[in-house]
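Here the sequence shown stands for residues 375 to 533, numbered as in this note's numbering. Heads up, the beta-carbon is just placed ideally off N, CA and C, and yes, glycines get one too. Read through the structure below, which is laid out as structure tokens, and then see the notes.
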Amino acid sequence: MRAPESVYAQPLDKNVDMWSVGCLIFEIITGRTFMDSFLADRMDMIVGLKQVLGQPPSKLHDSLESDVRNMLDSTPARDMGFYQYLELNYNQDDAKLLALDGYEDEEEIPIEESEKLPPEFTETDLMSLTEILLGLLSYEPQERGTLASLLRALSRLDK
């Protein structure tokens, strides 16, 4: 998943790597990518970011071409917070994830059942990981923190 500054054609700096670390940690925790960006075009990624992270900051929103901005404005954000998104992916609850996107008929998108591993993280762990991930997966590159701050936050986890 490309960082917001890449998707929004903003300058890149070292903070783009912290975004990548956030995506990697999300995938390690859940076994899934942060967002499905396979074959996604720029508009799909912009909408996907809004659905997971909420409305982009006005600086990014206003930088969009008017047709893209209008499409984004007409797309509702998912009715959930990041914790719920992490939890549903961690528990591999595809039916609920698809329902959030308006897919209620299982025949519309078949869900492949697979053996789920026993949970490694408690609800408290997931809450702590949510805070860490929200820091890394921020629209604003300068708010993502440093590797040192990430290591301190991870060291406070029980696992």
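Looking at K433, V390, Y457, Q429, the one whose alpha-carbon comes closest to that of M445 is Q429. In the DSSP assignment, N444 falls within the alpha helix (DSSP H) that extends over 440-447. Separation of E401 and T407 (C-alpha to C-alpha, rounded to the nearest whole angstrom) is 5 Å.
By the criterion of a C-beta distance shorter than 8 Å, V381 is surrounded in its chain by R416, M419, I420, L423, once the five residues flanking it on both sides are discounted.
In the assembly as shown, G396 is a buried residue. Its beta-carbon has 16 or more other beta-carbons within 10 Å.
G519 has its alpha-carbon roughly 26 Å from the corresponding atom of L462. Residue V426 holds the alpha-carbon nearest to the alpha-carbon of M454 among V426, K388, D467. Here L471 is buried: its Cβ has 16 or more other Cβ atoms, across all protein chains shown, within 10 Å. Counting along the chain, N463 sits inside the alpha helix (DSSP H) bounded by residues 456-464.
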